[in-house]
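Participant: Per the working numbering, the very first residue in the sequence shown carries number 96; after that it's consecutive.
Dropping the structure in here first, questions after.
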Amino acid sequence: MFFSTHNYCQAQKISKPEKNFEFFWNTFNKHYPSFEVRKVDWQEQYKKYRPLITENTTDDKLFDILNEMVIPLRDGHIAISK
């Protein structure tokens, strides 16, 4: 079970990189319509990448991780840029 980013962040007092990851993941989870069509288990993406994010994760590393997360979607409509 996953919580909304706002409630999760308040309850856990997580760092900025962790908040940004949670926001990104939850936004896709709520609004991206094609996980099934693209055969991507978004829950598994969370399990794989969330442990990599800590309070010490740099912006550049977080950017790289978020990019890695969406590669399996193979969706030309998705682009992450700085």
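Cβ coordinates follow ideal geometry from the N, Cα and C atoms, glycine included.
#1: Between F118, N115, N124 and K111, which has its C-alpha nearest L168's C-alpha?
#2: For E150, which three-state DSSP category applies?
#3: Ordered along the chain, which non-local residues of its own chain (more than five positions away) have a Cβ less than 7 Å from that of D136?
#4: Does V135 come out as helix, strand or coil in the three-state DSSP assignment?
#5: Check I173 in the structure and name its three-state DSSP category.
Facilitator: In short, the structure shows the following:
#1: Of the listed residues, the one whose Cα sits closest to L168 is N124.
#2: In the displayed model, E150 falls within coil according to three-state DSSP, outside both helix and strand.
#3: For D136, same chain residues with a beta-carbon under 7 Å away, outside a window of 5 residues either side, do not exist.
#4: Look at V135 here: in three-state DSSP terms it is coil, with no helix or strand label.
#5: I173: coil per DSSP, three-state reduction.
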